[in-house]
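The sequence shown begins at 9 in the numbering used here and counts up by one.
As structure tokens, the structure follows; a few thoughts come after it.
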Amino acid sequence: MHPPRAAAQVAVFAGHKPLGDRNEKQGMTHPIRRILGITTAISLACGAAVFGPALPASALYGDVQIKPIESNISAKSWASVKVSSGASTADLAIDQDDQTAWIAEGTPSSQWLTLDLGGAYDNVRKVGVVFPDPGAVYQYVIESSANGAGWHVIADHSANHRPGRGSIDLFTQPGTRYVRVRITGTSPGATVGISELSVYNYLREELVLGSDASWVDNDVAEGRNYWVNPLEADRGAGPHLLDVLKDRGFEYTRLRIFNEPRSEGTGDLLATPYQGPERSAEVAKWVKARNMGLGVDFHYADSWADPSKQPKPRAWAQLEFGDLTKAVYDYTYAYIERLIEQGTTPDKVAVGNEIANGFMFGSEAALAGVTNPAYFRNEPEIYQSQPGGGLLWNYWRSTDPDQQRLYDEAWDRFATLSAAGIRAVRDVSAAHGKDIKVETHIVTSGVEGKTLEFWNQYLTRIKAKGADTDVIAHSYYPQWHGSPEYYESIINAVAAAHPKYKIEVAETSYPASGGGGTPLPNSPYPRTVQGQADALQRVFQIANDIPNNQGLGVLAWEPARWESLFRAVPGMTRTYEPNASIDVFTKSHASHVVEDTVYSAALVGDEIALPDSVRVLTMADGSAKPVPVVWDAVPDGGTGAAGRLTIRGSTTFGSVTAVVDVVDAYAGLHCDRTITGQYSGQLKVTGGVTCLDGARMSGPVSVQAGASLQVNDAVISGGVNAEGAGTVVVCGTQIFGPVSVSGISSLTFGNPRLGCARNTIIGRLAVTGTQWWNVIAGNAINGPLSCSSNAVPPVNNGFTNAVTGPKSGQCSTL
């Protein structure tokens, strides 16, 4: 963050915020919980059911709805799928359109789809599956894995016999990278595939949310008062800004450090050296006294340092390069040691601020075209007399040998100065037995490949000089750095290229007013209190969704002064209250996740049956339990015609939705040949699908290998034999003679649940070796019923068969 840039400035990496002459920005230095070692006490498509109804912030300024953050990782560009068959349609399972689908090829029981989330996630808790056929039954198992080898069962729906398009299932399995759906069976005629597979991520407790609140130094000096509820009898936390931030969920504070604070315009020393070393050391005590994480952001300048201006401190400006390098080391070591010795050890130190174009510019500035700030331009004999750490991006990719040499030499100087600062932090940390992390903070570039070029050059060169950083940090302001989607793509490209480093959004903000409420450039969010909340949550989401839990945290830049989260209270001098949007820092974590969608199907004219409970998962311990649902009434005539109904329900943890597909008929086979009326003699089905629709068969029916048979409301005199066949479906039929089924793929012999009426057999029924779907339900069998060696034991779906003879083997309980 910094003052306004001049339009004519040449800065290859554009920066961001305008302001006046002041003291700067960034950071997120904090005790990064487990990573940096402090203990501190959640998608945007999120629904109210993530953790109960979205609650309006109370007793704060503005009307805001804040929901816990929920993010569908399958929608991210880095997610991918592999399938057992039908690879050409595989991506349709994650295209966020449930009207398209991956369509498998071959038998249903051997099909699977595996979603690769692009890296491990510790807080994915919900998976949704939608299948393509609304009038079919799908049987399947959902599993998760960290490595694609060992699998953990999330949900087993292999015994499902109710029609419907899918399910929502809840789970807790830290380290999940892969989610697999294995289709174990379907009702006959179902389209085998998946329309959508969604896996939802929630804000990790480890993600650190804080701010750069360096201007708190000015606030106290100016007598500003901040209260949570200044107009109420109980004003809540205050009057110190840090007390309000702590109360509202900020857990970390970064402080910028100017060497000798100066006016950008004149270069004169400021009368009050705000954000200088002395005053910042005192502010560090305020931060630590509140048990907040502490970050230090060295600007290595006397005034604002950002991509368009990085002036050397005046005291160092005329040093030869070797002496400048030593000055950086000595200054950094001494100041961090001072903080350690006064009991305010920082958790993290940024070596430079927004250094995408280098820092401590010197004589190379003329080649780069950098002319700001004014004193740097007006006193070149001082500030540009010796080389510094500025980069020459205008020579990047140059084919001119001299320009390429200058580009490399500039990088080497910059890396030398950076390594000096990093080594100082490492050395002073080791000398005092501390573990202080190092951060490198830049802004992203709109020029393709430039951000990756920076990190590749920087990390390679500092490591060659015996130094390394811990945290890769970027600022994000949409007006300068692009849309949230563009920023997310850049951040994830960096994370993928450099997986050993944590990734931080070191600065961000969004205004709650101005522009008549119109969004800032590149942003979809209005400049309102609600828009401010939504914009900040989107950045939280971006950091949280980085694969392999690389996202470290997000810092709001100067939340009380820049695109402020506060407003001046009318009629109260120097008194400020928070916008309701500030509650994104406490209300973005989910405490519970609800099975918020249930799927069902019904025939036209039938009644709709909905579950009386859904499951809810408690985030803290991973436990899940059923909770009652109160459903809205089904609209009159709701099943009078085919279509889709959406019925709302409520639980103590939020709203839920039932998606009911009303169909004219449940899924069935597509007939290649249909026989009706009287048929005399033996019928041999040798291929394709033969349908007997109301037929009167005077003779036996045999179904040969690979062929399929569907019978409805028929009479067969002579029995049925199917051996090695595909699918056999028999509904509402009288059979005079034995029925023998052996080695077929799928059998439905009566299934009232799906509208397949009971059958009557005068003779025995024997079923062996069925490979997957196997239903024998509600029939009258005047003879023995025997079943053996079926891959899936037959079921009756709650409709007992009336059998006059013995029932044996796998059919003994039917």
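Every residue gets a Cβ at the ideal spot worked out from N, C-alpha and C, and that includes glycine.
With C-beta atoms as the reference, is residue i less than 8 angstroms away from residue j?
i: L327; j: Q392; result: no
i: S152; j: H165; result: no
i: S222; j: Q318; result: no
i: V783; j: T756; result: yes
i: E585; j: W235; result: yes
i: S596; j: V537; result: no
i: V336; j: L263; result: no
i: D542; j: V612; result: no
i: E259; j: V216; result: yes
i: V378; j: V291; result: no
i: A666; j: P171; result: no
Within the continuous beta strand (DSSP E) that includes residue i, where are the two ends?
i: T115; result: No beta strand (DSSP E) holds T115; DSSP gives it neither H nor E.
i: K633; result: 632-636
i: G330; result: Counting along the chain, G330 falls outside any beta strand (DSSP E), though it belongs to the alpha helix (DSSP H) covering 329-349.
i: S794; result: 793-796
i: I176; result: 174-178
i: F139; result: F139 -> no beta strand (DSSP E), and no H or E assigned at all.
i: A666; result: 662-671
i: T626; result: 621-626
i: N729; result: 728-731
Starting from the Cα of residue i, find the closest Cα among the options and give me that residue.
i: A374; options: T353, G727, G398; result: G398
i: E417; options: L460, A309, Q465, S195; result: Q465
i: G158; options: R188, G174, F369; result: R188
i: A167; options: Q147, G183, P708; result: Q147
i: I769; options: W86, A788, V775, G751; result: A788
i: W780; options: L68, K473, G193; result: G193
i: G156; options: G651, T122, P142, P527; result: T122
i: F744; options: I724, G630, L762; result: I724
i: V446; options: P527, T261, G360, T379; result: G360
i: S483; options: D331, V749, V547; result: V547
i: G503; options: Q487, A481, S521; result: A small fix is needed here, since residue 503 is Ala in this sequence, not Gly. The option with the nearest alpha carbon to A503 is A481.
i: H449; options: R469, V436, F367; result: F367
i: E493; options: A439, A551, K473; result: A551
i: L211; options: A675, Q545, S608; result: Q545
i: G830; options: C739, P746, M580, T778; result: Nothing can be reported for residue 830: it is not among the residues displayed for the chain, which extend from 9 to 822.
i: P567; options: H506, P578, Y518; result: Y518
i: R173; options: N380, V606, S663, K815; result: V606
i: A87; options: Q107, Y129, R582; result: Y129
To the nearest angstrom, how far is the alpha carbon of residue i from that of residue j?
i: R385; j: E372; result: 13 angstroms
i: D669; j: A617; result: 12 angstroms
i: A83; j: P802; result: 39 angstroms
i: S658; j: N798; result: 42 angstroms
i: G714; j: G734; result: 5 angstroms
i: T694; j: S118; result: 24 angstroms
i: T808; j: L773; result: 15 angstroms
i: E362; j: D314; result: 5 angstroms
i: E32; j: W312; result: Legend: pLDDT at E32 = 34, less than 50; position of this residue unreliable, value from coordinates given subsequently. Using only the alpha carbons, I get a separation of about 6 angstroms.
i: D276; j: R270; result: 5 angstroms
i: L700; j: G197; result: 16 angstroms
i: L423; j: R469; result: In the sequence as displayed, the identity of residue 423 is Ala instead of Leu. When rounded, the distance between both Cα atoms is 6 angstroms.
i: V811; j: D604; result: 42 angstroms
i: A428; j: A598; result: 43 angstroms
i: S497; j: D553; result: 11 angstroms
i: N267; j: R346; result: 15 angstroms
i: V637; j: P760; result: 27 angstroms
i: V89; j: A109; result: 13 angstroms
i: Q34; j: F306; result: Because Q34 carries a pLDDT of 33, less than 50, the predicted location of this residue cannot be relied on, and the following value inherits that uncertainty. If you take the alpha carbons of Q34 and F306, they lie about 10 angstroms apart.
i: G817; j: T776; result: 10 angstroms
i: V601; j: T741; result: 47 angstroms
If you follow the alpha helix (DSSP H) that residue i is part of, which residue opens it and which one closes it?
i: Q540; result: 537-552
i: R385; result: 382-386
i: K293; result: 285-297
i: N80; result: Note, N80: premise wrong, no alpha helix (DSSP H); beta strand (DSSP E) at 78-80.
i: V592; result: 592-595
Since residue i and residue j are thought to touch, with beta carbons under 8 angstroms apart, how far apart are those beta carbons, to the nearest angstrom?
i: D355; j: G396; result: Rounded, the Cβ-Cβ distance is 29 angstroms, inconsistent with contact.
i: S195; j: A144; result: 5 angstroms
i: Q718; j: V697; result: 6 angstroms
i: Y208; j: S79; result: 7 angstroms
i: S453; j: A364; result: 7 angstroms
i: P140; j: S203; result: 5 angstroms
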